[in-house]
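Asks: Dropping the structure in here first, questions after.
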């Protein structure tokens, strides 16, 4: 096997006994790995699994010996001569031929529909699929800025023309894929996983899109664009991500929040990062209308998911999931759905993988909505015959308390093309399932609770089989929602019976009372 970049080092592992080597290779056939000493190598056995043929000679580059410039060079894709990568805005609706440069401040197509970022797939396809896999694996988790980011490790598929100096990154992404073994067993599943997107800089998946949007804004400002600030309407997580990335870039930010409808943890994040925080006496849909009006009249850049730049970052989670499964896609992906941009982002990520030959299929998508804010679910059960916005009622899954989602057309296309389904969960269902899953070692936000509740229903009706590889998208960290969790376990949520409550036992500091308490919980 040929050493990459011309640097050779012998790893002592490969001098061990052949039998041990064979056992190791059986687990790692055809995958890239970063070994314990941070050595990057490619293992490609020249035999079928289980063969008695000799183990190949493995040579690995001494990554830690490279200079910064050499490491940077190692992060670049090898592009055929004359091939360049590019992207532009195009109309989402097929009957609109609008096209715009990414440096233009534009949010809608000529006919009023949504835009999306279109990549030059012909140029991207000039690089072999195996080379893309190799590049993405080589970059993953490195400290070479910005390629160690889970988003910017896929830079050519996200914003191919932006300069590295304009990228605003906190090394977001690369979040863990949790094998939910115990909870899966409770549901009769053997291959259940939870993608922990909340283990990110601001505590939610919104970081993945905001790094792209704020980077593009920084690039546009450097090129002379008249942008004085970036603004968004939010139910909590978008404002946290926007404020953090704008603060990192030194760009002013403004957030429009529905008063008394987000958690304290979500509220304090934009305050701490220096955003102008406007608490408005309306719901999210009202905030959205106002921020659109403000950004249309003043040089304030709109950061909501109407802006398709964010979806470019969010789609990298789909690529990352395939990468974590050694470039295989799961059978199902279950996604909480509010404004629905994330649904289309996952679809777009999986479709790019398929079109560029890295995988041979896309998974089925299941969208989970709260019963109190379920316009997509209603459209689905009508057979997609009708769609009517709803007045979203209060839900503990506050980030998806949206009655008129911006990306409804995008989500419907994604679901139709993947033979997808939509489910809903009541307040009691989402909190009970979240608490039940927490007892197996998770710490779920209410939105993940919605997804887990819908998963349980799909498992009960047999649509998801016991051995289907299924990934549930956890969109935010549970620490953002401690109030609702505390009230649940105290039995004080009026919507819930709190079937899995685990109340604190308040007792005197007396040995006998402690023993009684432990016996009451079957510990003794």
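Residue numbers (my numbering): 1121 to 1644.
Yeah, the Cβ is synthetic: ideal placement off N, Cα and C, and Gly gets one too.
Since the model is a prediction, treat every value here as computed from it, not as a measurement.
#1: Using 8 Å for Cβ pairs, my map puts residue 1458 next to residue 1391. What's the rounded Cβ distance?
#2: Taking DSSP as the reference, what is the three-state secondary structure of residue 1564?
#3: Look at the alpha carbon of residue 1549 and the alpha carbon of residue 1491, and state the distance between them as a whole number of angstroms.
#4: Tell me the start and end of each unbroken beta strand (DSSP E) in the stretch 1494–1554 that is at least 3 residues and wholly inside, in chain order.
#5: Measure how close the beta-carbons of residue 1587 and residue 1355 come, nearest whole angstrom, since I'm counting them as under 8 Å.
#6: What residue from 1460, 1507, 1445 has the CA that sits closest to residue 1478's CA?
#7: Is the distance from the Cβ of residue 1256 to the Cβ of residue 1234 below 8 Å?
#8: Please identify the residue among 1607, 1466, 1455, 1483 whose C-alpha is closest to the C-alpha of residue 1437.
#9: Residue 1564: which of 1608, 1534, 1533 sits nearest, CA to CA?
#10: Tell me whether residue 1614 is buried or exposed, calling it buried when 16 or more other Cβ atoms sit within 10 Å of its Cβ.
#11: Apply the 10 Å Cβ neighbour rule to residue 1188 and answer buried if 16 or more other Cβ atoms are within range, or exposed otherwise.
#12: I believe residue 1362 touches residue 1423 by the beta-carbon criterion, under 8 Å. Please report the beta-carbon distance rounded to the nearest angstrom.
#13: Span of the beta strand (DSSP E) holding residue 1399?
#14: If you measure between the beta carbons of residue 1434 and residue 1325, is that distance less than 8 Å?
#15: For the pair the stretch 1517–1531 and the stretch 1265–1272, tell me if three or more CB-CB distances fall below 8 Å.
#16: Closer than 7 Å by C-beta to residue 1340: which residues in its own chain qualify, once you throw out the five before and the five after it? Chain order, please.
#17: So is residue 1298 in contact with chain D if we call contact Cβ pairs under 8 Å?
#18: I'd like the span of the alpha helix (DSSP H) that includes residue 1583, first residue to last.
#19: For residue 1374, does the three-state DSSP call read helix, strand or coil?
#20: In the DSSP output, which residue or residues are listed as bridge partners for residue 1209?
#21: Taking contact to mean at least 3 C-beta pairs separated by less than 8 Å, is the stretch 1372–1384 in contact with the stretch 1395–1409?
#22: Beta-carbon separation of residue 1317 and residue 1595 under 8 Å?
#23: Given this structure, state the Cα-to-Cα distance separating residue 1200 from residue 1602, to the nearest angstrom.
#24: In terms of residues, what are the limits of the beta strand (DSSP E) holding residue 1465?
#25: Count the other CB atoms, across all protein chains shown, that sit within 10 Å of the CB of residue 1386; report buried if there are 16 or more and exposed otherwise.
#26: Which residue comes first and which comes last in the alpha helix (DSSP H) that contains residue 1484?
#27: In the DSSP assignment, what residue or residues form a beta bridge with residue 1590?
#28: What three-state label does DSSP hand residue 1365 in the structure shown?
#29: Do residue 1449 and residue 1470 have their beta-carbon atoms positioned less than 8 Å apart in this structure?
#30: Would you call the CB atoms of residue 1320 and residue 1295 closer than 8 Å?
#31: What does the alpha-carbon distance come out to for the pair residue 1579 and residue 1442?
#32: Under the rule that 16 or more other beta-carbon atoms within 10 Å means buried, what is residue 1272, buried or exposed?
#33: Using the rule of at least 16 other Cβ atoms within 10 Å of the residue's Cβ for burial, across every protein chain shown, is residue 1599 buried or exposed?
#34: Is the beta carbon of residue 1494 sitting closer than 8 Å to the one on residue 1544?
#35: Looking only at DSSP bridge pairs, what is residue 1324 linked to?
#36: Excluding the 5 residues preceding and the 5 following residue 1155 in the sequence, name in chain order all residues of the same chain whose CB lies nearer than 6 Å to its CB.
Replies: Let me lay it out:
#1: Wrong, their Cβ atoms sit about 23 Å apart, outside the cutoff.
#2: strand
#3: 10 Å
#4: 1541–1545
#5: That belief does not hold up - the Cβ atoms of residue 1587 and residue 1355 are roughly 36 Å apart, past 8 Å.
#6: 1445
#7: no
#8: 1466
#9: 1608
#10: exposed
#11: exposed
#12: 5 Å
#13: 1396–1400
#14: yes
#15: no
#16: 1223, 1347
#17: Structure shown: chain D not included; a single protein chain is present.
#18: Neither: residue 1583 is in no alpha helix (DSSP H) and is coded neither H nor E.
#19: strand
#20: 1220, 1237
#21: yes
#22: yes
#23: 52 Å
#24: Here residue 1465 belongs to no beta strand (DSSP E); instead the alpha helix (DSSP H) covers 1461–1475.
#25: buried
#26: Not the alpha helix (DSSP H): residue 1484 falls in the beta strand (DSSP E), residues 1484–1490.
#27: 1312, 1452
#28: helix
#29: yes
#30: yes
#31: 23 Å
#32: buried
#33: exposed
#34: yes
#35: 1596
#36: A caution first: residue 1155 carries a pLDDT of 38, below 50, which makes its placement in the model unreliable, though a value can still be read off. Nothing meets the Cβ criterion.
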